[in-house]
Amino acid sequence: MTLNRARSQAHFVRAQKSIPGGVNSPARAFGGVGGEPLIMDRGEGAYLYDIDGNRLIDFIGSWGPHILGHRHPAVVKAIEAALLKGTSFGAPTTIETDLAELVIELVPSIEKVRMVSSGTEATMSAIRVARGFTGRDKIIKFAGCYHGHVDSLLVKAGSGALTLGTPSSPGVPKGCTADTIVLEFNDANQLAETLRQHGNEIAAIILEPVVGNMGTVPPEPGYLQTCRELCTKHGVVLIFDEVMTGFRVALGGAQSLYGIRPDMTTLGKIVGGGLPVGAYGGRADIMDKVSPVGPVYQAGTLSGNPLAMASGLATLKALREANPYARLEQVTKKLCAGLSAAALSAGLPHHIAQVGSMFTLFFTGTRVTNFNSAVTSDTQRFAKYFWGMIDHGVYLPCSQFEANFVSAAHSDADIDHVIASAAAVMKTL
Ligand code: KE4
70 MTLNRARSQA HFVRAQKSIP GGVNSPARAF GGVGGEPLIM DRGEGAYLYD IDGNRLIDFI
130 GSWGPHILGH RHPAVVKAIE AALLKGTSFG APTTIETDLA ELVIELVPSI EKVRMVSSGT
190 EATMSAIRVA RGFTGRDKII KFAGCYHGHV DSLLVKAGSG ALTLGTPSSP GVPKGCTADT
250 IVLEFNDANQ LAETLRQHGN EIAAIILEPV VGNMGTVPPE PGYLQTCREL CTKHGVVLIF
310 DEVMTGFRVA LGGAQSLYGI RPDMTTLGKI VGGGLPVGAY GGRADIMDKV SPVGPVYQAG
370 TLSGNPLAMA SGLATLKALR EANPYARLEQ VTKKLCAGLS AAALSAGLPH HIAQVGSMFT
430 LFFTGTRVTN FNSAVTSDTQ RFAKYFWGMI DHGVYLPCSQ FEANFVSAAH SDADIDHVIA
490 SAAAVMKTL
């Protein structure tokens with residue numbers, strides 16, 4: 070049964086007249102699957118309701134924040150209470166210290182933390198601080214990892230071993246990416262060789278410890294430990310971008326799951342519980358370089374605003390109390406097993422990667438360990454799968470190269486419905 074999307078389609082025509090592409094973020098534009106985005110009216114638990122009145126089981130969760138599901142009662146209550154006092158004062162409040170202390174409790178590698186308003190701000194600031202701390206300019210990132218729309222990180226690999234970046238977007242001057250080296254994720258030898266040659270010029274490496282932005286790609290055994298050892302050896306700041314994995318794959322993030330202590334961590338998404346919060350933090354000796362204590366400047370009008378702090382604090386407290394991670398792992402494993410069985414019975418080559426409650430079904434027969442293997446996926450087949458699942462009331466990320474998110478609000482019945490839907494849809498691919 071094809072979903073009625075008439076109101077969404079009509080509104081999208083209107084939206085495109087005033088907003089570029091009709092969206093406030095290109096990730097929502099359905100560019101990877103074609104067609105028009107569904108226009109959402111509200112969320113509740115595991116469900117989104119669009120303006121045509123369709124109910125969809127949501128596996129985007131606002132691209133990660135809603136690990137508790139939409140409108141968790143404790144989060145709603147906390148925001149309502151904060152609202153009674155105002156929204157933002159441009160002055161210190163107690164609640165931002167409350168959230169800072171809880172982040173530090175849950176992520177012990179963070180000794181001091183600064184709140185900002187997005188993941189992009191967090192990674193941009195962390196890189197600036199790492200450069201200020203080391204006095205070095207070059208940074209290393211990895212193909213397929215996304216860290217927000219920071220000029221120096223909007224870069225694609227150049228050619229040759231030392232793949233100096235070239236801008237991947239117009240508007241980014243070559244100078245902004247000239248110091249960005251792009252390597253292959255999960256290639257320990259390439260990283261070791263690059264640091265052997267240039268270690269003393271490199272301020273930091275930044276990586277998603279479990280990549281979500283080329284689809285879900287876990288680190289190969291030992292890879293994160295190698296990153297840690299090489300950074301220590303060469304005096305390079307190890308930045309874990311845990312904007313997606315923070316409080317997602319474990320209460321302490323990927324660093325707790327894999328037992329690695331980075332020098333800095335960036336956070337976003339869940340730390341705001343659906344309101345705009347990013348954060349960066351790490352070793353006190355590094356973070357004390359940040360203005361006004363140190364000389365590295367970073368500021369923000371709405372950084373740490375009480376409403377967003379209340380949302381993030383209530384979210385992290387609920388996660389600490391409920392500790393849903395064992396069930397999230399079990400439910401997500403069951404879902405992935407069901408999706409794989411459906412693909413197998415449909416004769417579809419596929420690879421599934423799952424870490425905690427994030428996963429990706431890749432339509433490729435290749436084991437996906439990095440960007441080059443991720444892009445062997447059949448994106449046309451994914452688009453057909455995406456729309457087929459929409460017609461079954463299942464809302465997946467609108468790109469082959471994104472992570473799906475299971476929330477604590479997804480019921481066993483929801484999961485069973487998704488598996489049955491996938492079995493039906495995959496037969497048509
Ligand atoms: P924001 O600036 O979008 O809050 O965070 C940027 C960011 C940084 N680091 C990681 C690991 C991220 O995943 C992100 C943002 N993720 C995308 C989805 N893959 C956000 C969706 C969007 O851009 O609309």
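Numbering-wise, this note's numbering comes out as the position in the sequence shown, counting from 1, plus 69. Note that beta-carbon positions come from the ideal geometry of N, C-alpha and C, so glycine has one too.
Which of the three DSSP states, helix, strand or coil, is assigned to proline 89? Here residue 89 refers to the residue found at position 20 when the sequence shown is read from its first residue. Three-state result, proline 89: helix.
Can you tell me where the beta strand (DSSP E) holding aspartate 310 begins and where it ends? The residue labelled residue 310 in the question sits at position 241 within the sequence shown. Its beta strand (DSSP E) spans residues 306-310.
Member of Gly104, Arg97, Ser87 whose CA lies at the smallest distance from the CA of alanine 452: On the sequence shown, residue 452 is found 383 positions in, with the first residue counted as 1. When each option's Cα is compared against that of alanine 452, the closest is Gly104.
Where does the unbroken alpha helix (DSSP H) through isoleucine 173 begin, and where does it stop? Within the sequence shown, the letter at position 104 stands for residue 173. Here the alpha helix (DSSP H) through isoleucine 173 covers 163-175.
Strand pairing of tyrosine 215, partner residues [DSSP]: Within the sequence shown, residue 215 is the residue found at index 146, counting from 1. In DSSP, tyrosine 215 forms no bridge with anything.
Proximal residues to alanine 257 (C-beta, below 6 Å), its chain only, five neighbours per side dropped: Taking the first residue of the sequence shown as position 1, residue 257 is located at position 188. The beta carbon of alanine 257 is closer than 6 Å to those of Tyr292, Thr295 in its chain, skipping five residues each way along the sequence.
Express the C-alpha separation of proline 290 and glycine 328 in angstroms, rounding to a whole number. By 1-based counting over the sequence shown, the position of residue 328 is 259. By 1-based counting over the sequence shown, the position of residue 290 is 221. For glycine 328 and proline 290, the distance between alpha carbons rounds to 12 Å.
Just mark serine 480 as buried or exposed, buried being the case when its beta carbon has 16 or more other beta carbons within 10 Å. The residue given as residue 480 occupies position 411 in the sequence shown. A residue is called buried once 16 or more other Cβ atoms fall within 10 Å of its Cβ, and serine 480, having fewer, is exposed.
Quick one: is the Cβ of serine 94 within less than 6 Å of any heavy atom of ligand 1? As a working note, residue 94 is residue 25 in the sequence shown. Serine 94: yes, Cβ under 6 Å from ligand 1.
What three-state label does DSSP hand leucine 223 in the structure shown? Numbered from its first residue, the sequence shown carries residue 223 at position 154. Coil, per DSSP.
Cutting at 6 Å between CB atoms, please list the residues of its own chain near alanine 412, excluding the five before and the five after it. What you label residue 412 is simply residue 343 of the sequence shown in a count that begins at 1. Cβ neighbours of alanine 412 beyond the five flanking positions: His419, Met495.
Residue from Ser476, Leu404, Lys386, Ala491 whose Cα sits closest to the Cα of histidine 516: As shown, the chain starts at 70 and ends at 498. That puts residue 516 outside it, with no answer to give.
Give a single yes or no on whether aspartate 460 has its beta carbon closer than 6 Å to a heavy atom of ligand 1. In the sequence shown, residue 460 corresponds to position 391, counting from 1. Incorrect: aspartate 460 has no Cβ contact closer than 6 Å to ligand 1.
In the DSSP assignment, find the unbroken beta strand (DSSP E) run with glycine 351 in it and report its ends. Along the sequence shown, one-based indexing puts residue 351 at 282. Counting along the chain, the beta strand (DSSP E) containing glycine 351 begins and ends at 347-351.
For glycine 341, is the classification buried or exposed, using 16 other Cβ atoms within 10 angstroms of its Cβ as the cut-off for buried? To locate residue 341, count along the sequence shown from 1; it is residue 272. With 16 or more other Cβ atoms within 10 Å, it is buried.
Where serine 228 and glutamate 170 are concerned, what is the direct C-alpha to C-alpha distance, given to the nearest angstrom? For the purposes of this step, residue 228 is taken as residue 159 along the sequence shown, with counting starting at 1. For the purposes of this step, residue 170 is taken as residue 101 along the sequence shown, with counting starting at 1. Its pLDDT being 48, under 50, serine 228 is placed unreliably by the model, and nothing is read from it.
Using the rule of at least 16 other Cβ atoms within 10 Å of the residue's Cβ for burial, across every protein chain shown, is lysine 207 buried or exposed? Numbered from 1 along the sequence shown, position 138 holds the residue referred to as residue 207. Under the 10 Å beta carbon count, lysine 207 is surrounded by 16 or more other beta carbons and is classified as buried.
Can you tell me whether alanine 75 is buried or exposed? The criterion is at least 16 other CB atoms within 10 Å of its CB, across all chains shown. Working through the sequence shown from its first residue, we reach residue 75 at position 6. With fewer than 16 other Cβ atoms inside 10 Å of its own Cβ, alanine 75 counts as exposed.
At a threshold of 6 Å, does serine 77 count as lining ligand 3 (C-beta to nearest heavy atom)? Although ligand 3 was asked about, the structure shown includes only ligand 1 as ligands.
Would you kindly work out how many angstroms separate the C-alpha atoms of valine 224 and proline 393, rounded to a whole number? Counting from one through the sequence shown, the residue named residue 224 turns up at place 155. Counting from one through the sequence shown, the residue named residue 393 turns up at place 324. If I take the Cα positions, the gap works out to 37 Å.
Tell me the rounded alpha-carbon separation between methionine 70 and alanine 143. Working through the sequence shown from its first residue, we reach residue 70 at position 1. Working through the sequence shown from its first residue, we reach residue 143 at position 74. Take the alpha-carbon of methionine 70 and the one of alanine 143: they are about 37 Å apart.
Distance, Cα to Cα, methionine 283 vs asparagine 473? Position 214 of the sequence shown, counted from the first residue, corresponds to residue 283. Position 404 of the sequence shown, counted from the first residue, corresponds to residue 473. Cα-Cα distance, rounded: 12 Å.
Option in Ser446, Gly304, Gly101, Leu376 with minimal Cα separation from glycine 204: As a working mapping, residue 204 is identified with position 135 in the sequence shown. Nearest C-alpha to glycine 204 among Ser446, Gly304, Gly101, Leu376: Gly304.
Looking at valine 182: is its Cβ nearer than 7 Å to the Cβ of glycine 350? The residue labelled residue 182 in the question sits at position 113 within the sequence shown. The residue labelled residue 350 in the question sits at position 281 within the sequence shown. Cβ distance < 7 Å, so valine 182 and glycine 350 count as in contact.
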